[in-house]
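Chains as they are written, first to last, in the working numbering: chain A, 342 to 455; chain B, 1323 to 1434. Reading through the structure tokens given below for one structure.
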Amino acid sequence: DVKVTQSSRYLVKRTGEKVFLECVQDMDHENMFWYRQDPGLGLRLIYFSYDVKMKEKGDIPEGYSVSREKKERFSLILESASTNQTSMYLCASSSSRGIYTEAFFGQGTRLTVV
Amino acid sequence: DQQVKQNSPSLSVQEGRISILNCDYTNSMFDYFLWYKKYPAEGPTFLISISSIKDKNEDGRFTVFLNKSAKHLSLHIVPSQPGDSAVYFCAASENYGQNFVFGPGTRLSVLP
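In structure tokens:
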């Protein structure tokens, strides 16, 4: 069974803290994504990566950075957490081999910044 | 400006009836479209997809229709069941599935 695993289901952090969200996939996928989900806004792309050490900005990269040192792991970093980064964060992966593939999602991390 | 729009934030349907969820897009370069279902506190799960070379795709109770000239797609669920109650996201890709743009979602409630 294919799997994308996010390290935490729920996190509470203080304003100004550096926050790490970890994501691991076991499908040998080349592509990995970080989205945030907010009511009425759907899923918005923060960053994505097509390969190890590669990263591309999505629609809302400000305040975030990412790291992909290994193919199976994609980390999202909030350099200095702020209250407007309180959200549901979703990691996904997909294969770049072939066409018409879908993205597989992790269970999400509900982050609250206080 | 949103490239993928779902203009109905919510929809209520009686059990056994048809649910129709709509999605509009603005980018004519999109060539692949997907529907995802999301329960609270879980990640989205893939439901059904359609490529731009087709106008219909069926999988059991789920059918997706694509009207390229209108830049519109819809998801039909027949018959609707209470377990279908969830948020449904429409997504589109212009690289045959290499990157995905999501709509804001429609919350479907199927009433017993």
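We put the CB at the ideal spot given by N, CA and C, even for glycine. Owing to the predicted nature of the structure, the values given are computational and were not obtained by experimental measurement.
In this structure, the straight-line span from the alpha carbon of Asp392 of chain A to that of Phe361 of chain A is close to 20 Å. Inside the stretch 1363-1427 of chain B, DSSP marks whole beta strand (DSSP E) runs of 3 or more residues at positions 1367-1373, 1378-1381, 1384-1389, 1394-1399, 1408-1415, from first to last along the chain.
Taking 8 Å as the CB threshold, Ser1371 of chain B lines the interface with chain A.
Beta bridge pairing from DSSP links Leu384 of chain A with A:Gln378. The beta carbons of Glu413 of chain A and Gln448 of chain A sit about 17 Å from each other, so the pair does not count as a contact at 8 Å. Ser408 of chain A: member of the beta strand (DSSP E) spanning 405-411, first to last residue. For the pair of segments examined, the stretch 1421-1432 of chain B was found to touch the stretch 1403-1413 of chain B: the number of CB pairs separated by less than 8 Å reaches three. Apart from sequence neighbours up to five positions away, the residues of its chain that approach Leu1388 of chain B with a beta-carbon distance below 6 Å are Ile1372, Asp1377, Leu1395, ordered along the chain. Looking only at B:Arg1339, B:Pro1401, B:Lys1327, the smallest Cα-Cα distance to Leu384 of chain A is reached by B:Lys1327. Residues Arg1429 of the same chain have their beta carbon placed closer than 6 Å to that of Ser1332 of chain B, with the five preceding and five following residues left out of the count. The C-beta of Ser437 of chain A comes closer than 8 Å to at least one C-beta of chain B. Look at Asn372 of chain A here: in three-state DSSP terms it is strand. Nearest Cα to Ser423 of chain A within the set A:Lys354, A:Arg350, A:Lys344, A:Ser349: A:Lys354. Close partners of Pro1401 of chain B in chain A (Cβ separation under 7 Å) are lacking, with about 25 Å as the shortest Cβ gap.
Of A:Ile401, A:Lys396, A:Ser349, A:Asp400, the smallest CA-CA separation from Glu410 of chain A is found for A:Lys396. Contact of Leu417 of chain A with chain B is not assigned, every C-beta pair being separated by 8 Å or more. Boundaries of the beta strand (DSSP E) harbouring Ser1332 of chain B: 1332-1336, taken from the DSSP string. Looking from the CA of Tyr430 of chain A, the closest CA among A:Thr453, A:Lys344, A:Asp369, A:Met368 belongs to A:Thr453. Interface residue (Cβ-Cβ distance to chain A less than 8 Å): Gly1382 of chain B is not classified as such.
For Leu382 of chain A, the neighbours in chain B by C-beta distance under 7 Å run, in chain order, Pro1426. For the options A:Ala444, A:Lys394, A:Glu358, A:Pro402, the alpha carbon positioned closest to that of Arg377 of chain A is the one of A:Pro402. Within the same chain, Cβ atoms closer than 6 Å to the Cβ of Ser436 of chain A are found at His370, Thr442, the five residues on either side in sequence being excluded.
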